[in-house]
Amino acid sequence: MIELEQVLHRVQKPARYVGGEWNAVYKDWDKTPVRVAFAFPDVYEVGMSHLGLQILYHVVNGREDALMERTFAPWVDMESQMRRRGLPLFTLESHRPVADFDILAFTLQYEMTFTNILNMLDLAGIPLRSDQRGSEHPLVIAGGPCAFNPEPLASFIDLFVIGEGEEVFHELLDLYLELGGHRADRRHFLRRAAEIAGIYVPSLYRVEYRSDGTLSAIEPIADGVPPKVTKRVIRDFDRVPFPVKPLVPYLGVVHDRGMLEVQRGCTRGCRFCQAGVIYRPVREKSPATLLRQASEIVKHTGYDEISLVSLSTADYSRVQEVVRSLLDQLGDMGVSVSLPSLRVDAFSVALAREVQRVRRASLTFAPEAGTQRLRDVINKGVTEENLMEAVSAAFAAGWSAIKLYFMIGLPTEREEDLKGIAGLARQVLARGRELGVPGNRLKVTVSASSFVPKSHTPFQWEPQVEMDELHRRQKTLRGLLKEKGLVFHWHEVETSFLEAVLARGDRRLDRVLEEAWRLGCRFDGWSECFDFAKWQEAFRMAGLDPAWYAYRRYAYDDLLPWDHIDAGVSRKYLVLEHKRAMEGKATPDCRTGRCPGCGLCPTLEIEPEVLDQDPRVVNIQ
Numbered sequence: 001m002i003e004l005e006q007v008l009h010r011v012q013k014p015a016r017y018v019g020g021e022w023n024a025v026y027k028d029w030d031k032t033p034v035r036v037a038f039a040f041p042d043v044y045e046v047g048m049s050h051l052g053l054q055i056l057y058h059v060v061n062g063r064e065d066a067l068m069e070r071t072f073a074p075w076v077d078m079e080s081q082m083r084r085r086g087l088p089l090f091t092l093e094s095h096r097p098v099a100d101f102d103i104l105a106f107t108l109q110y111e112m113t114f115t116n117i118l119n120m121l122d123l124a125g126i127p128l129r130s131d132q133r134g135s136e137h138p139l140v141i142a143g144g145p146c147a148f149n150p151e152p153l154a155s156f157i158d159l160f161v162i163g164e165g166e167e168v169f170h171e172l173l174d175l176y177l178e179l180g181g182h183r184a185d186r187r188h189f190l191r192r193a194a195e196i197a198g199i200y201v202p203s204l205y206r207v208e209y210r211s212d213g214t215l216s217a218i219e220p221i222a223d224g225v226p227p228k229v230t231k232r233v234i235r236d237f238d239r240v241p242f243p244v245k246p247l248v249p250y251l252g253v254v255h256d257r258g259m260l261e262v263q264r265g266c267t268r269g270c271r272f273c274q275a276g277v278i279y280r281p282v283r284e285k286s287p288a289t290l291l292r293q294a295s296e297i298v299k300h301t302g303y304d305e306i307s308l309v310s311l312s313t314a315d316y317s318r319v320q321e322v323v324r325s326l327l328d329q330l331g332d333m334g335v336s337v338s339l340p341s342l343r344v345d346a347f348s349v350a351l352a353r354e355v356q357r358v359r360r361a362s363l364t365f366a367p368e369a370g371t372q373r374l375r376d377v378i379n380k381g382v383t384e385e386n387l388m389e390a391v392s393a394a395f396a397a398g399w400s401a402i403k404l405y406f407m408i409g410l411p412t413e414r415e416e417d418l419k420g421i422a423g424l425a426r427q428v429l430a431r432g433r434e435l436g437v438p439g440n441r442l443k444v445t446v447s448a449s450s451f452v453p454k455s456h457t458p459f460q461w462e463p464q465v466e467m468d469e470l471h472r473r474q475k476t477l478r479g480l481l482k483e484k485g486l487v488f489h490w491h492e493v494e495t496s497f498l499e500a501v502l503a504r505g506d507r508r509l510d511r512v513l514e515e516a517w518r519l520g521c522r523f524d525g526w527s528e529c530f531d532f533a534k535w536q537e538a539f540r541m542a543g544l545d546p547a548w549y550a551y552r553r554y555a556y557d558d559l560l561p562w563d564h565i566d567a568g569v570s571r572k573y574l575v576l577e578h579k580r581a582m583e584g585k586a587t588p589d590c591r592t593g594r595c596p597g598c599g600l601c602p603t604l605e606i607e608p609e610v611l612d613q614d615p616r617v618v619n620i621q
């Protein structure tokens, strides 16, 4: 165990590093056969807001033969102190060095955390590259959304979990114990692990390139290793293990409330959205399960707010029934209910009005694009009429601030689409004035991120718009949104460019990542730490052109870096969806009963778990 007292008074937010939270689990190290360190490659406040951490912490610590502790990326001030004093990366529960654990498990939520992963490995004293590790080192594994293109990290990670981890984590731990735990031969374990559905072991695949840099082959190099790794999906979602005694942080975190997962997956089919593909199919929990879990969470945490989390909570079939039942059950205890995601419709606003006893400063809607033509291209399924009905209901209900979320640089975007963003914002502002919102309170905030093409989506073949052009489009919007009551926020173009490079990258980017880390790149998703010049130097030193990755338009028959990872949705369907996008044709939501033919259900032998609408519930008026 390490001594922290000598450094905590020298860093900001020392509570990030001490542990001791309510509901933390402490086990006897010497009596527990397998020990796992869960690593979140960002600061404590971000990591502790992640439901996946809470779920896996609950799953692993529910076993008598395993323990899981947590570690986070130390902020730059803490890293400086650790390196100066020779303190290794440690976990919060026992303050033991991460290198003492059997397994180090990273979650991959965002491409711009990749250099933090290398930094955490180095701080732990673990060799960066998997082929440099021996039996004395922990197995380094990773999972999460970014694992659906694992190749930029393939040299650093021993194995990836593709898909949902609740079941496959048990299978990995069982295999580890079966083969003798830390005494097991590392190569033999990885070879056996590759036989588990949903496990990808990069060292067991050969990648070949043509002289022009394009991929020619991704093939297994051992018998029994699958040519494609298919994602894992949890069935019978109503019975999936869920943490009703979640960790309660002492430090204020991004989402400091009880989280209740009402469903997993989304049926909307937005063509830019990776989450809508990799979390298919939709699976809903029953109201009885949700009410029981909510009651337990409040009992074990003292939270005065329960957030109904999912990709699209207002789409949950029994959302109105659950909201009313939660308010009836918990309202007298002073517990409120919140909805983190709203559809662009009046029903969502009415639902928000019902759950929010203390009116919030703003509501957020995501039209994504400024014209109906472009919303049809991305299959957003939202009209200008939907938006105006929603904001009218919001203003009439007493809200005075509205946030509108858009993307710029979407495929086929034109100048009139940019003007459409400003036009919609002005219409919303005018509607607020018409409905009597005081001018000193009325505010419409427009947030515009840059489109990043992601793997396993219909837009995976599309290039990102070049940086100079994205800068120009941002400047155009800034000029169009100069009016009292309008506020414009935008994302840094250079950050989005690197996100696209890493999202579309192949194994050769390992050299770039290592060079960038050695040059001092850390916390690249944080504007105060991001240094684009260092990244440019890293690409130069690695002899690679980042534009080749971000700006390349793939052909349908090109071998993509992630083609050996199967998200369940067929390539044929993604091609069809891309063609429909270019024709401006919409694809129906499969909740309507019309199967769009994505191929996931027959491929994974699973069906959506969608509850029937409660006939006793009528629309909120």
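Using the UniProt record's numbering, you'd call the opening residue of the sequence shown number 1 and step up by one each time. Glycine included, C-beta positions come from ideal geometry on N, C-alpha and C.
If you compare alpha carbons, which of the options is closest to residue i?
i: residue 415; options: 373, 169, 456; result: 373
i: residue 51; options: 61, 243, 89; result: 243
i: residue 189; options: 135, 602, 389; result: 135
i: residue 46; options: 65, 362, 74; result: 74
i: residue 181; options: 35, 167, 99; result: 35
i: residue 366; options: 351, 29, 386; result: 386
i: residue 160; options: 583, 344, 126, 107; result: 107
i: residue 608; options: 317, 369, 18; result: 317
i: residue 393; options: 90, 10, 344, 166; result: 344
i: residue 332; options: 405, 295, 230; result: 295
i: residue 213; options: 602, 560, 579, 590; result: 560
Identify whether residue i lies in helix, strand or coil by the three-state DSSP scheme.
i: residue 203; result: helix
i: residue 377; result: helix
i: residue 625; result: Residue 625 lies beyond the stretch modelled for the chain, which goes from 1 to 621, so this question has no answer here.
i: residue 479; result: helix
i: residue 209; result: strand
i: residue 22; result: strand
i: residue 232; result: strand
i: residue 611; result: coil
i: residue 570; result: coil
i: residue 496; result: helix
i: residue 155; result: coil
i: residue 518; result: helix
i: residue 172; result: helix
i: residue 501; result: helix
i: residue 7; result: helix
i: residue 177; result: helix
i: residue 509; result: helix
i: residue 359; result: At residue 359, the pLDDT of 45 sits below 50, so the modelled position is not reliable and the matter cannot be decided from this model.
i: residue 600; result: helix
i: residue 544; result: coil
i: residue 410; result: coil
Rounded to whole angstroms, how far is the Cβ of residue i from the Cβ of residue j, which I believe are closer than 8 Å?
i: residue 271; j: residue 577; result: 6 Å
i: residue 517; j: residue 149; result: Actually they do not touch by this definition, with Cβ atoms about 19 Å apart.
i: residue 325; j: residue 255; result: The Cβ separation is near 23 Å, so there is no contact.
i: residue 58; j: residue 241; result: 6 Å
i: residue 264; j: residue 239; result: Residue 264 to residue 239, Cβ: 13 Å. No contact.
i: residue 173; j: residue 138; result: Between residue 138 and residue 173 the Cβ distance is about 13 Å, and since that is not below 8 Å, they are no contact.
i: residue 525; j: residue 110; result: 6 Å
i: residue 377; j: residue 412; result: 5 Å
i: residue 262; j: residue 313; result: 6 Å
i: residue 626; j: residue 364; result: Past the edges of the chain, shown from 1 to 621, lies residue 626, and the structure says nothing about it.
i: residue 450; j: residue 409; result: 5 Å
What are the residues that DSSP puts in a beta bridge with residue i?
i: residue 55; result: Per DSSP, none; premise fails for residue 55.
i: residue 486; result: 444
i: residue 403; result: 364, 445
i: residue 248; result: 22
i: residue 560; result: Per DSSP, none; premise fails for residue 560.
i: residue 663; result: Here the chain comprises residues numbered 1 to 621, so residue 663 is not present and cannot be evaluated.
i: residue 253; result: Residue 253 pairs with nothing; no bridge assigned.
i: residue 627; result: This structure does not reach residue 627, given that the chain is present from 1 up to 621, and the question cannot be answered.
i: residue 161; result: 143, 199
i: residue 183; result: The partner list for residue 183 (beta bridge, DSSP) is empty, contrary to what the question assumes.
i: residue 39; result: 71, 106
i: residue 34; result: 66
Contact criterion: CB-CB distance below 7 Å. Does residue i meet it with respect to chain B?
i: residue 112; result: No chain B is part of this structure, which consists of one protein chain only.
Worksheet entry | beta strand (DSSP E) runs contained entirely in the region 329–357, provided each spans 3 or more residues | 336–338
Worksheet entry | Whole runs of the alpha helix (DSSP H) within the region 257–343, excluding any shorter than 4 residues | 275–278, 287–301, 319–330
Discussion item. Ignoring anything shorter than 3 residues, give me the beta strand (DSSP E) runs that lie fully in the region 63–148, in order along the chain.
Written reply: 66–72, 103–107, 139–143
Discussion item. I'd like the ranges of any beta strand (DSSP E) spanning at least 3 consecutive residues and lying wholly in the region 414–474.
Written reply: List check, beta strand (DSSP E) in window: 443–450.
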